[in-house]
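Q: For the sequence shown, full-length UniProt numbering gives the first residue as 1, with consecutive numbering after it. Sharing a structure here in C-alpha cells format.
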Amino acid sequence: MNKKWLTDSSYAPLAFAHRGLHGPVTGHVENSLSAFLAANDANVGIELDVLLSKDNQAMVIHEVNLHRLTGLDADIGDFTAEELMQINLSGVQDVILPLSHVLAAVEPKFPLLVEIKGDQLKPQVIAAASHQALKDYKGPVAIMSFYPDIITWFKDHAPDIARGLVATSRNDGDLPDAYFSEDGQIKITKNLDVDFIAYDIRTLPNKVSAYCREKSLPLFTWTVRTQAEKDRARQYTNGPIFEILPDD
C-alpha cells in the first residue's frame, strides 16, 4: 500500500471525522456505517475504532463493553461477528459491523485512519485480524494505536501499511506512565519508525509537536471540537480528527 497520501498535497487539507460524522447534527451513531457514509458525502476522511469479537474478527466499535451504544451489559468478546451483526446500535437501524464490511462499503478515495484498540490485551491477535481485513483495501489507509505491540506487529508483518502512534500526556488510562511522557513518546516514535503521530489536542503544542515539525513527520490531532481547537490544529498539525457540534 502507498504511504505517500500522508504528505500528498492532493489530499490536503486532511481532516478526519472522528468515528464518522455522528452526533445530534447528523443523527448518526458513532462508528456506524451511516456515520461513515455521511463523512464520504462531506468529502472528509474517516477515523474509526477496532476491537475483537469472540471469534477474533476485527469489529468496528470503540469500547469493550457494549452498554453505552447498545444497552446490552455485555462485552464485545462475548459474541461472534455474526452475532454482533444482529445487534443494533442505540436508536438506529445500524448494527455493529466487521471492519471488512465497512471497508467494502465506504468510498476508497477518502483517507481512512483505523485505531486498533489494545484494551482486550491481545495485541498480536487484533493486529493480525485487522490486517486480514485491510490487506486488499485499495484506498489511502493507515493504522494507529496507543499500544506499541500493535504498531510493532505492523512494522514486522505489514510494513507497507502506514502506521501511527496515538498519544497523550494526560494519564487517564491503564498504560504505564512512560507512555504519557513526551520524551518516551518520541523514543517510541523513533524505535518503531512510525509514519505519523495522532496526538491529544488538549496538550498541544508540546515537545512532540516540535519534534514532528523538525523531522517533517505528519502530525494529526484528536478530538477537535471547538473553534480554538480548530485554530490550534491548523497551526501545529497536518490535520484534525474532529467532531461536529450543534453550533458548527
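We put the beta carbon where it would ideally sit given N, CA and C, even for glycine.
Verify whether the separation of the beta carbon atoms of Gly20 and Ile61 is less than 7 angstroms.
A: Taking the sequence shown and counting its residues from 1, one reaches residue 20 at position 20. Taking the sequence shown and counting its residues from 1, one reaches residue 61 at position 61. No, they are not a contact pair.
Q: Val92: which of Thr26, Ile150 and Asp156 sits nearest, CA to CA?
A: Taking the first residue of the sequence shown as 1, we reach residue 92 at position 92. With distances taken between Cα atoms, Val92 lies closest to Thr26.
Q: Looking at the structure shown, is Arg163 part of a helix, part of a strand, or coil, going by DSSP?
A: Position 163 of the sequence shown, counting from 1, holds the residue named residue 163. Three-state result, Arg163: strand.
Q: Out of Lys135, Tyr199 and Arg213, which one is the CA nearest neighbour of Ser100?
A: As a first step, residue 100 must be located in the sequence shown, where it is residue number 100. Selected option, being the one with the closest Cα: Lys135.
Q: Give the single residue among Lys109, Thr70, Glu83 and Val141 whose Cα lies nearest to the Cα of Ala162.
A: Reading the sequence shown from its first residue, position 162 is the one you call residue 162. When each option's Cα is compared against that of Ala162, the closest is Val141.
Q: Under 7 angstroms between the Cβ atoms of Leu165 and Thr189?
A: Position 165 of the sequence shown holds residue 165. Position 189 of the sequence shown holds residue 189. Yes, these two residues count as a Cβ contact at 7 angstroms.
Q: As a quick exercise: from Asp160, Met59 and Tyr147, pick the residue whose alpha carbon is nearest that of Ala129.
A: Within the sequence shown, numbered from 1, the residue matching residue 129 stands at position 129. Ranking the options by Cα distance to Ala129, first place goes to Met59.
Q: Cβ-heavy atom distance between Asp8 and the ligand SAH below 6 angstroms?
A: Absent from the structure shown: the ligand SAH. Ligands present: none.
Q: Hey, Ala158 and His131: beta-carbon distance below 7 angstroms or not?
A: Start at 1 with the first residue of the sequence shown, and residue 158 comes out as number 158. Start at 1 with the first residue of the sequence shown, and residue 131 comes out as number 131. Result yes, Cβ atoms of Ala158 and His131 sit closer than 7 angstroms.
Q: Return the residue from the list Ala38, Tyr137 and Tyr199 that minimises the CA-CA distance to Asn2.
A: Here residue 2 corresponds to residue number 2 of the sequence shown, with the count starting at 1. It is Tyr137.
Q: In whole angstroms, what is the alpha-carbon distance linking residue 259 and Leu97?
A: Since the displayed the chain opens at 1 and closes at 248, residue 259 lies outside it and no answer follows.
Q: Excluding the five sequence neighbours on either side, which residues of its own chain have a C-beta within less than 7 angstroms of the C-beta of Lys109, listed in chain order?
A: As a first step, residue 109 must be located in the sequence shown, where it is residue number 109. Excluding positions up to five away in sequence, the list reads Gly139.
Q: Just reading off the alpha helix (DSSP H) that Phe154 is part of, what are its end residues?
A: Along the sequence shown, read from residue 1 onward, the residue named residue 154 stands at position 154. Element bounds for Phe154: Pro148 to His157.
Q: Considering only residues of the region 209 to 246, which uninterrupted beta strand (DSSP E) runs meet the minimum length of 3 residues and lie entirely inside it, listed in chain order?
A: DSSP runs (the beta strand (DSSP E)) wholly in the region 209 to 246: 219 to 224 and 239 to 242.
Q: May I ask you to report which of helix, strand or coil DSSP gives Glu30?
A: Taking the sequence shown and counting its residues from 1, the one referred to as residue 30 is at position 30. Three-state result, Glu30: coil.
Q: Can you tell me where the alpha helix (DSSP H) holding Leu103 begins and where it ends?
A: As a first step, residue 103 is located in the sequence shown; it is residue number 103 there, counting from the start. From DSSP, the alpha helix (DSSP H) with Leu103 extends over Leu99 to Ala105.
Q: Do Ile116 and Ile143 count as a contact pair if the criterion is CB distance below 7 angstroms?
A: Position 143 of the sequence shown, counting from 1, holds the residue named residue 143. Position 116 of the sequence shown, counting from 1, holds the residue named residue 116. Taking 7 angstroms as the Cβ cut-off, Ile143 and Ile116 qualify as a contacting pair.
Q: When the Cβ atoms of the region 4 to 14 are set against those of the region 23 to 39, are three or more pairs found closer than 8 angstroms?
A: No, the region 4 to 14 does not touch the region 23 to 39.
Q: Let me check one thing: in DSSP terms, what residues is Ile46 bridge-paired to?
A: Against the sequence shown, residue 46 aligns to sequence position 46. Paired residues: Ala17 and Leu112.
Q: Which same chain residues, not among the five before or five after Val125, have their C-beta less than 7 angstroms away from its C-beta?
A: Residue 125 sits at position 125 when you count from the first residue of the sequence shown. The answer, listed in chain order, is Leu52 and Asn56.
Q: Residue range of the alpha helix (DSSP H) that Asp183 falls in?
A: As a first step, residue 183 must be located in the sequence shown, where it is residue number 183. Segment Glu182 to Leu192, the alpha helix (DSSP H) holding Asp183.
Q: In whole angstroms, what is the alpha-carbon distance linking residue 260 and Thr203?
A: This structure gives no information on residue 260, because the portion of the chain shown stretches from 1 to 248.
Q: Find out if the Cβ-Cβ distance for the pair Ala167, Tyr199 is shorter than 7 angstroms.
A: Counted from its first residue, the sequence shown places residue 167 at position 167. Counted from its first residue, the sequence shown places residue 199 at position 199. Cβ atoms of Ala167 and Tyr199: closer than 7 angstroms.
Q: Cβ atoms of Thr237 and Thr226: under 7 angstroms apart, would you say?
A: As a position in the sequence shown, residue 226 is number 226, starting the count at 1. As a position in the sequence shown, residue 237 is number 237, starting the count at 1. No, the Cβ-Cβ distance between Thr226 and Thr237 is not below 7 angstroms.
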